[in-house]
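I have placed the structure first, in the form of structure tokens, so that the comments after it can refer back to it.
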Amino acid sequence: MSETAIVLGVGAEKGLGATLCRRFAKSGHHVVIGGRTPEKIERVADGIRGLGGAATAFQTDATSESAVIELFQKAEAIGPVDLAIYNAGNNMPGDLLTMEAEFFELCWRIACFGGFLFGREAARVMKPRGKGTLLFTGASASLRGKPFFSAFTAAKGGLRNFAQSMAREFGPQGIHVGHVIVDGGIAGDRIEKGRPEFAEARGSDGLVDLEGIADIYDLLYHQPRAAWSHEIDVRTHKEAF
Ligand SMILES: NC(=O)c1ccc[n+]([C@@H]2O[C@H](COP(=O)([O-])OP(=O)(O)OC[C@H]3O[C@@H](n4cnc5c(N)ncnc54)[C@H](OP(=O)(O)O)[C@@H]3O)[C@@H](O)[C@H]2O)c1
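Numbering of the sequence shown is given in the numbering used here, commencing with residue 2 and proceeding in unit increments.
Listed below in structure tokens is the structure:
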């Protein structure tokens with residue numbers, strides 16, 4: 002029975018979630034792919050199987066407690082969950098004066114509350130085994146507020162503090178909890194297709210490289226127990242910070 006890696010928050014084939022799925026399938030995991038759009042996650046799973054890897058997609062709303070519990074149950078039935086990555090988190094800018102309460106709450110549900118549901122289930126299955134790696138995807142918004150990003154920064158900041166608390170609570174019990182701050186736009190479909198003018202204005206090396214980000218998750222996953230990092234940031238050489 003091979004070990005499983007769950008990635009929740011997978012969409013476009015050229016996106017961080019899909020890149021992480023391919024990366025950990027390549028290194029021998031059976032990858033359990035969670036996302037809200039069935040066609041997208043099936044396409045990512047098909048791509049991995051086409052390359053000889055093992056992958057199973059399960060439609061999962063990251064904000065639903067029962068769905069996240071079920072995702073872990075299905076993954077454990079395939080093999081023990083050894084790596085869990087929470088990647089969901091759509092950037093949602095909004096003007097504060099006209100912002101609906103539901104908008105703020107939805108943003109928090111995806112980028113923060115879903116991380117709690119996911120982290121709790123990961124800890125529940127990993128703690129009895131005394132091992133496992135749990136990684137969260139952060140953004141520039143994890144570190145600082147910006148105009149028009151009040152909801153997103155509140156959610157990502159909350160996720161970051163949640164990850165820190167988990168690291169301190171579960172590290173001594175053998176669970177490695179990490180948080181990766183992607184400081185800048187990613188060179189994936191979300192920006193290249195969704196905001197081509199922005200991608201073009203950034204020029205070459207203007208967006209963060211997907212495989213370069215995946216290298217960080219790989220590094221965190223492979224760190225020996227006596228040399229763990231909790232948080233690593235990544236940006237292009239062009240990014241001011
Ligand atoms: N893109 C960037 O420039 C950028 C920059 C910095 C940090 N980040 C962070 O990187 C992570 C990945 O972003 P990405 O843009 O590259 O996207 P991605 O990895 O391609 O996919 C993330 C996916 O999360 C999914 N998702 C959203 N709400 C969900 C929910 N309630 N339940 C399950 N899945 C849900 C979306 O699904 P659908 O496709 O079905 O909508 C989206 O495709 C996010 O945490 C984001 O905050 C992104």
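Where a beta carbon is used, it is the ideal one built from N, C-alpha and C, also for glycine. Bear in mind the structure is a predicted one, so any value in this text is a computation, not a measurement.
May I ask whether a heavy atom of ligand 1 can be found less than 8 Å away from the beta carbon of residue i?
i: S141; result: yes
i: A19; result: yes
i: A13; result: yes
i: A63; result: yes
i: V33; result: no
i: G185; result: yes
i: K41; result: yes
i: R191; result: yes
i: R145; result: no
i: V209; result: yes
i: I111; result: yes
i: T38; result: yes
i: L9; result: yes
i: A157; result: For clarity, residue 157 is Lys in the given sequence; the question names Ala instead. True, at least one ligand heavy atom lies under 8 Å from that Cβ.
i: G1; result: Residue numbering for the chain in the displayed model covers 2 to 242; residue 1 lies beyond these limits and cannot be assessed.
i: N162; result: no
i: T138; result: yes
i: A89; result: yes
i: G204; result: no
i: G179; result: no
With C-beta atoms as the reference, is residue i less than 9 Å away from residue j?
i: K15; j: G189; result: yes
i: A13; j: A19; result: yes
i: V178; j: F171; result: yes
i: A102; j: G159; result: no
i: A168; j: G90; result: no
i: A76; j: A58; result: no
i: H30; j: D83; result: yes
i: H231; j: Q165; result: yes
i: Y87; j: G133; result: no
i: R37; j: D62; result: yes
i: T154; j: G146; result: yes
i: A55; j: I34; result: no
i: L21; j: A215; result: yes
i: V32; j: V69; result: no
i: A124; j: I176; result: yes
i: D184; j: L144; result: yes
i: E198; j: P81; result: no
i: L17; j: L221; result: no
i: A200; j: G213; result: no
Which of helix, strand or coil does DSSP assign to residue i?
i: F59; result: strand
i: T237; result: coil
i: F137; result: strand
i: A6; result: strand
i: G95; result: coil
i: G51; result: helix
i: G116; result: helix
i: G18; result: helix
i: D216; result: helix
i: H231; result: coil
i: H31; result: strand
i: A85; result: strand
Exercise for the section: Return the chain-ordered ranges of every alpha helix (DSSP H) run that is complete within the region 125-208 and spans a minimum of 4 residues. Expected result: The alpha helix (DSSP H) runs of length 4 or more contained entirely in the region 125-208 are, from start to end of the chain, 151-171, 190-193, 197-203.
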